[in-house]
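*Asks:* Starting off with a structure, shown below.
Given below as structure tokens:
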């Protein structure tokens with residue numbers, strides 16, 4: 001066979017796979033969303049419950065981003081800048097949520113804060129609700145995306161080495177000064193990248209949130225859960241209309257991700 | 001002694017990086033820490049700087065014990081092997097960093113940095129980023145950055161390792177002159193003996209975490225005190241059957257000898273001057289080494305290396321020659337004994 | 001060989017630095033958050049199980065309907081991940097070695113399953129492959145159902161797993177410069193031979209890593225699979241779904257027990273893949 005023929009065949013197979021597996025589902029969503037015209041689509045996405053679900057999703061994502069970015073920075077600093085016993089264990093522990101089913105991520109919080117959880121008597125006494133309430137949703141989202149930022153930062157900071165930080169510290173620079181002036185410029189795109197991945201996952205998290213939410217419409221329903229309810233009620237147009245908002249966000253995230261990745265590669269070379 | 005190390009020990013896991021290290025350095029001297037890689041020379045430098053903490057032992061700088069003093073307060077300038085220039089700052093900001101940290105006022109910083117940029121001869125490049133500089137220029141900026149806060153002691157980790165051969169020579173001379181001009185006590189680490197000999201006032205030879213010898217370059221070259229120092233300095237070979245060589249006899253307790261090419265003289269048999277001291281050998285190979293010829297001579301089964309000036313007699317491979325050996329360093333596990341060829345003792349004045 | 005040796009030689013004295021500030025605080029924050037968010041909640045699962053006997057635990061995790069879910073999850077994940085390895089290698093190959101219009105867009109699209117909320121993917125796949133969907137209706141004509149069968153589950157798992165495999169292999173192929181292939185071609189090796197003997201061994205460790213990640217994700221995946229699975233006991237019930245059902249019935253013993261089985265299984269998979277990878281790397285290291 002000619003090299004060109006091989007090349008064309010392989011490309012054709014690859015393109016067909018992508019079209020069938022990735023593009024077609026995407027098109028399905030948009031077509032089903034608009035198949036009854038503009039008005040039902042607008043109705044579905046401006047529905048009161050949809051707006052409330054969107055707000056809750058954005059709130060949970062925002063808190064998750066703050067916690068996980070902070071954690072990622074501290075964890076990456078600890079792991080890359082110092083030598084200590086048990087570093088490997090710590091790295092593995094941080095990655096746990098990555099290898100665990102989202103259902104289990106939700107389940108563990110039921111086992112802590114739910115009716116049978118050890119923290120329940122205390123919560124009950126003070127009338128605090130965590131599971132089947134907003135805090136539970138936020139916690140489950142944080143759990144699922146916990147390692148996203150640190151996973152991006154650790155290899156990056158390891159590759160940079162510590163000499164610049166040492167040089168700065170030798171001249172008496174303080175922690176924050178070193179971080180801001182020396183470390184941060186190196187990692188800003190990597191950090192951005194981790195934040196974007198974390199955002200994508202947090203916005204769309206379904207399994208873990210589904211376990212802890214209790215599905216109270218207008219109260220503990222996130223956007224993906226709202227899609228599920230609509231779909232299960234056979235309100236397909238509404239389900240796909242709301243889903244298409246998430247699709248648009250996903251596409252924006254993909255584009256951002258590619259820009260940041262491009263910047264990251266530029267930085268490396 | 002301006003800097004004094006006493007019984008320093010440092011272990012990394014199973015690796016003994018510093019094994020009872022102790023030596024002293026006078027004020028104003030330029031010291032070279034010389035040893036093969038993994039010999040613990042960089043660890044010594046990092047211990048002095050405070051980048052590492054010794055497991056035991058004391059470090060004194062200017063009479064003060066600095067073990068518990070944070071690195072930043074030891075008054076030390078450190079030049080990293082790969083310079084560790086701040087890649088996101090300009091040349092000016094790099095040099096100014098230490099002064100900014102000390103919150104010096106703007107005018108002072110401006111003056112001091114300009115002065116240093118003049119010193120390193122990089123006027124006009126203040127606005128450049130490190131990646132826009134050549135290796136030699138980066139080295140100079142790293143040097144200036146370390147000097148900016150006016151340290152009392154300058155430490156340089158393999159200062160020339162990352163620079164290509166041609167610029168390296170030039171930079172060595174420059175560094176030596178500049179350090180003399182500034183008058184700062186300095187210690188640098190190198191694995192290149194030529195570099196150490198050329199730049200340092202005094203050399204500290206390290207091996208396997210221990211200090212083997214300390215002294216001025218000529219003295220270390222002439223009188224190595226440990227087998228390692230004898231073998232490490234110069235391009236030497238080790239012979240086991242040295243007792244068979246003419247002019248030498250086996251000394252009990254010394255099982256081998258270190259021979260340097262410059263102590264071997266090869267001549268045509270008819271030009272032989274000291275028949276008793278010489279013996280016959282055969283040329284095995286000849287290599288052109290740029291400024292000299294390197295000869296491999298087979299001497300009754302032992303292979304020696306010798307140098308021949310380009311203007312000397314021409315030899316051919318397979319030719320029989322007269323070989324005269326001036327000096328050997330006899331070694332055992334611990335000691336070194338310098339022996340001259342007994343048949344010509346007193347007759348030759350050998351400067352080294 | 002010598003270059004390899006210097007690369008792997010430990011240089012502990014390069015890393016330690018007592019001068020960089022912030023160890024106490026950053027370690028403190030890291031451990032506190034890690035404990036609060038991950039470790040303590042996870043440990044609570046064991047706390048719950050403490051109230052039950054080992055016999056109960058065993059009975060629950062070997063219940064026939066539950067065992068059926070393991071089988072469904074495991075086989076579907078295995079098939080899906082195998083398919084993903086084949087297409088993952090192919091996609092990584094054409095994305096790194098060929099230049100064609102739309103390549104950059106295709107490269108970006110690979111990440112879609114990461115970015116798209118799993119529930120959205122789930123309803124899209126279910127509809128697309130349902131009997132009235134564009135593709136489902138085609139297969140319906142030849143009497144093959146996809147949605148609400150194991151084929152559907154496998155498809156959803158392929159969707160969710162593909163980026164893991166491609167993104168593991170791609171960087172290795174990018175670094176593997178053409179010189180090896182050129183050298184082999186100069187020696188007269190055929191294209192298939194070059195791929196099998198030169199390229200495949202190089203990407204094998206990364207492929208294994210991708211396999212492990214995609215497999216673990218497929219087993220644990222809920223959102224994109226649950227819609228298309230259809231929840232028919234013994235046939236299309238996956239393990240995460242049965243945990244969900246037990247929870248909804250307040251059967252905490254069963255839910256936590258099965259969850260524990262899944263956690264252990266996930267660790268075994270990752271651990272096994274790590275060992276395999278180390279073996280492959282050792283062979284590669286010894287051969288150079």
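Chains as they are written, first to last, in the working numbering: chain A, 1 to 269; chain B, 1 to 352; chain C, 1 to 288.
All residues carry an ideal CB built from backbone N, CA and C; glycine is no exception.
On a predicted model such as this, the values are computed, not experimentally measured, just so you know.
Throw me the rounded Cβ distance for the residue 76 of chain B and residue 156 of chain B pair, which I believe falls under 8 angstroms.
*Replies:* About 11 angstroms; that fails the 8 angstroms criterion.
*Asks:* Regarding residue 263 of chain B and the ligand COA, is the C-beta to nearest heavy atom distance less than 8 angstroms?
*Replies:* This structure does not include the ligand COA; it has no bound ligands of any sort.
*Asks:* Rounded to whole angstroms, what's the CA-CA distance from residue 192 of chain B to residue 198 of chain B? Just pull it up for me.
*Replies:* 10 angstroms
*Asks:* Within the chosen definition, does the stretch 95-115 of chain A reach the stretch 251-269 of chain C through at least 3 CB pairs nearer than 8 angstroms?
*Replies:* yes
*Asks:* So what's residue 11 of chain C in DSSP terms, helix, strand or just coil?
*Replies:* No answer about residue 11 of chain C holds up, because its pLDDT of 39 lies below 50 and its placement is not dependable.
*Asks:* Going by the beta-carbon positions, is the gap between residue 304 of chain B and residue 261 of chain B smaller than 9 angstroms?
*Replies:* yes
*Asks:* From the beta carbon of residue 92 of chain B, is the nearest beta carbon of chain A less than 9 angstroms away?
*Replies:* So, not an interface residue.
*Asks:* If we call anything under 9 angstroms between Cβ atoms a contact, is residue 250 of chain A one with residue 200 of chain A?
*Replies:* Contact: yes.
*Asks:* Quick check on the DSSP output: what are the complete beta strand (DSSP E) runs of length 3 or more inside the stretch 48-87 of chain B, in order along the chain?
*Replies:* Within the stretch 48-87 of chain B, the complete beta strand (DSSP E) segments at least 3 residues long are 56-61 and 76-79, listed from N- to C-terminus.
*Asks:* List the residues of chain B that residue 190 of chain A touches, going by C-beta distances under 7 angstroms, in chain order.
*Replies:* Near residue 190 of chain A there are no residues of chain B at all, since even the closest Cβ is about 14 angstroms away, more than 7 angstroms.
*Asks:* Taking Cβ to Cβ, would you say residue 168 of chain C is nearer than 9 angstroms to residue 210 of chain C?
*Replies:* yes
*Asks:* Between the beta-carbon of residue 6 of chain B and the beta-carbon of residue 206 of chain B, is there less than 9 angstroms?
*Replies:* no
*Asks:* Quick check on the DSSP output: the alpha helix (DSSP H) that includes residue 164 of chain B runs from which residue to which?
*Replies:* Neither: residue 164 of chain B is in no alpha helix (DSSP H) and is coded neither H nor E.
*Asks:* What separation, rounded to the nearest whole angstrom, lies between the Cα atoms of residue 249 of chain B and residue 11 of chain B?
*Replies:* 43 angstroms
*Asks:* Is it true that the CB of residue 198 of chain A sits closer than 9 angstroms to the CB of residue 134 of chain A?
*Replies:* no
*Asks:* Within 10 angstroms of the Cβ of residue 3 of chain C, are there 16 or more other Cβ atoms? Answer buried if so, exposed if not.
*Replies:* Model confidence at residue 3 of chain C stands at a pLDDT of 36, short of 50, so the residue's coordinates are unreliable; what they give is reported in the following sentence. It counts as exposed.
*Asks:* Are any of the Cβ atoms in chain A nearer than 9 angstroms to that of residue 64 of chain B?
*Replies:* no
*Asks:* So which residues on chain B does residue 163 of chain A lean against when the C-beta distance must stay under 9 angstroms?
*Replies:* Simply 80, 81, 82, 83 and 84.
*Asks:* Measure the beta-carbon distance from residue 243 of chain C to residue 258 of chain C and round it to whole angstroms, keeping in mind my assumption that it falls under 8 angstroms.
*Replies:* 5 angstroms
*Asks:* Just curious, the alpha helix (DSSP H) that residue 82 of chain C is in, first and last residue?
*Replies:* Looking at the DSSP string, the run of the alpha helix (DSSP H) that includes residue 82 of chain C is 64-97.
*Asks:* Mind the definition here: the stretch 168-188 of chain C touches the stretch 142-154 of chain C only if three or more C-beta pairs lie below 8 angstroms; say whether that holds.
*Replies:* no
*Asks:* Measure the Cβ-Cβ separation of residue 2 of chain B and residue 185 of chain B and say whether it is below 9 angstroms.
*Replies:* Their beta carbons are under 9 angstroms apart, which means residue 2 of chain B touches residue 185 of chain B by this criterion.
*Asks:* Contact between the stretch 86-105 of chain B and the stretch 131-150 of chain B is defined here as three or more beta-carbon pairs at a separation below 8 angstroms; is this criterion met?
*Replies:* yes
*Asks:* Taking a contact to mean a Cβ-Cβ separation below 9 angstroms, would you say residue 54 of chain B touches residue 9 of chain B in this structure?
*Replies:* Cβ atoms of residue 54 of chain B and residue 9 of chain B: closer than 9 angstroms.
*Asks:* Note down, in chain order, every chain A residue with its Cβ under 7 angstroms from the Cβ of residue 272 of chain C.
*Replies:* Simply none; closest approach about 12 angstroms.
*Asks:* Using the C-alpha atoms, what's the distance from residue 159 of chain A back to residue 130 of chain B?
*Replies:* 18 angstroms
*Asks:* Label residue 20 of chain A either buried or exposed according to how many other C-beta atoms from any shown protein chain fall within 10 Å of its C-beta, with 16 as the threshold for buried.
*Replies:* Classification for residue 20 of chain A: exposed.
*Asks:* Residue 335 of chain B lies in the alpha helix (DSSP H); which residues open and close that run?
*Replies:* Taken as a continuous stretch (DSSP letters only), residue 335 of chain B belongs to no alpha helix (DSSP H), as it is neither H nor E.
*Asks:* Smallest Cα separation from residue 88 of chain B: which of A/255, A/238 and A/185?
*Replies:* A/185
*Asks:* Give the interface partners of residue 174 of chain A over in chain C, defined as CB-CB distance under 8 angstroms, in chain order.
*Replies:* 21
*Asks:* Any beta-carbon of chain A closer than 9 angstroms to the one on residue 50 of chain B?
*Replies:* yes
*Asks:* Counting only beta-carbon separations shorter than 9 angstroms, does residue 157 of chain A have a partner in chain B?
*Replies:* Contact with chain B is absent for residue 157 of chain A, since none of that chain's Cβ atoms lies less than 9 angstroms from the residue's Cβ.
*Asks:* Using the beta-carbon of each residue, which ones in chain D are nearer than 7 angstroms to residue 260 of chain A?
*Replies:* This model lacks chain D altogether; the protein chains it does include are A, B and C.
*Asks:* Spell out whether any CB of chain A is found under 9 angstroms from the CB atom of residue 244 of chain C.
*Replies:* Residue 244 of chain C counts as touching chain A.
*Asks:* Which residues, in order along the stretch 220-240 of chain C, keep a beta-carbon less than 9 angstroms from a beta-carbon of chain A?
*Replies:* Look at the stretch 220-240 of chain C: the residues with a C-beta under 9 angstroms from a C-beta of chain A are 220, 221, 222, 223, 224, 226, 227, 239 and 240.
*Asks:* Since I believe residue 218 of chain C is in contact with residue 80 of chain C (beta carbons under 8 angstroms), could you give me their beta-carbon distance rounded to a whole number of angstroms?
*Replies:* 5 angstroms
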